[in-house]
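Numbering (the numbering used here), first residue to last: 666 to 1040.
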Ligand SMILES: Cc1cc2nc3c(=O)[nH]c(=O)nc-3n(C[C@H](O)[C@H](O)[C@H](O)COP(=O)(O)OP(=O)(O)OC[C@H]3O[C@@H](n4cnc5c(N)ncnc54)[C@H](O)[C@@H]3O)c2cc1C
């Protein structure tokens, strides 16, 4: 029997866990993985790059090493065009044929509400964004760093920026601007209060019920009339699906995500996993997390093998045993198996999970060493 060609677009948590499952049946499948980056990026530790708690290399792992491990052919390219009718992907100016497809291209920062803000704000979604922010913070050129958006990413980033400022003895102020009346509004109230109290204890200014109205050069004006001069603005107001979905003629859900059935399929022989997928039959989709991406990637891989062998497909059912909101003061908080955890123990858990989930022995050791500083 000829091997069937499985192509995975996106080598994050979802894409790699699919590749891992598929690699156990290399007698049946030939795997191709396409990613626009050369390295897998461990995104949960992006904020730690800003405070230099971990180095950028500690969260990157090269696909050339992973390709040996999982036996895939790797293309370092962004995928821009897909032809579902002909089962083809256009990469490196050639058409690649596939028998099965997994789209696992993740998410990207939501577009800015006003187009011209693009030139006066930074986003925070990749290791390269984190590197730029770290350098600007340590150079101490700005009097204020304003984080627009008090969700998970905003609060984690703010705490790491403040830690960097304290480390470098600079006088820069860190300000979080949030349009609703609480930080991390989707979390239980005790966590909202705990996080706000700890950020303020670190010296961070929290501006609730306010929006950024305009930015003129380095002057930021809020809806409350408050004006901040010589400020750097970083936008963290949510995520949308990776841009690959914008040209695809398929059913899409909120934020451009690909609507999938319970087997994570969106059309014959095509699957989607991780941040980019949205389950049709669930009232609440799982939060965007490493756990969901890994579980979904695994199900996609297994379902392709099931389909090849003519067996029935597995259904994905979400589980979220643990989540932690890590802050750089070491006073993180979250829930484990439904029980609240906070303080150093929560921070330690975050780094233990990150170590377990990360790729490469040296990276794991360096992440644990970073944990020592926080915990
Ligand atoms: C700052 C931050 C902190 C976070 N903290 C946590 C946390 O503490 N715990 C937790 O569980 N989750 C956390 N998350 C969320 C978690 O990182 C994501 O849910 C997870 O990475 C999703 O995995 P994925 O495989 O779907 O996508 P990703 O990991 O984003 O991987 C997608 C891959 O697709 C590639 N790609 C995209 N478009 C294309 C294209 N057109 N062509 C080729 N390749 C493409 C990208 O380069 C990337 O490698 C955090 C996220 C951020 C941004």
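The C-beta atom is built at its ideal place from N, Cα and C for all residues, glycine as well.
query: With 16 other Cβ atoms within 10 Å as the buried cut-off, status of residue 1028; result: buried
query: Backbone CA spacing between residue 820 and residue 997 [nearest angstrom]; result: 11 Å
query: Extent of the continuous alpha helix (DSSP H) run through residue 817; result: 817-832
query: Between the CA atoms of residue 1011 and residue 957 - distance to the nearest angstrom; result: 20 Å
query: Residue 954 Cβ short of 8 Å to ligand 1 heavy atom set; result: yes
query: Proximal residues to residue 869 (C-beta, below 8 Å), its chain only, five neighbours per side dropped; result: 823, 824, 827, 839, 840 and 841
query: Option nearest residue 743 by Cα separation, candidates 907, 952, 981 and 984; result: 907
query: Integer Cβ distance of residue 953 from residue 772, believed to fall under 8 Å; result: 7 Å
query: Residue 1004 versus residue 985: straight-line alpha-carbon distance, rounded; result: 12 Å
query: Straight-line gap, residue 776 to residue 718 (C-alpha atoms, nearest Å); result: 29 Å
query: Separation of residue 937 from residue 927, as counted between CA atoms; result: 11 Å
query: Heavy atom of ligand 1 within 8 Å of residue 745 beta-carbon; result: yes
query: Alpha-carbon to alpha-carbon, residue 940 and residue 923; result: 9 Å
query: Neighbour-count burial assignment, residue 863, 16 or more Cβ in a 10 Å radius; result: buried
query: Segment limits, alpha helix (DSSP H) that includes residue 1013; result: 1009-1022
query: Residues of its chain near residue 1002, where Cβ-Cβ distance is below 8 Å and the 5 sequence neighbours each way are ignored; result: 986 and 987
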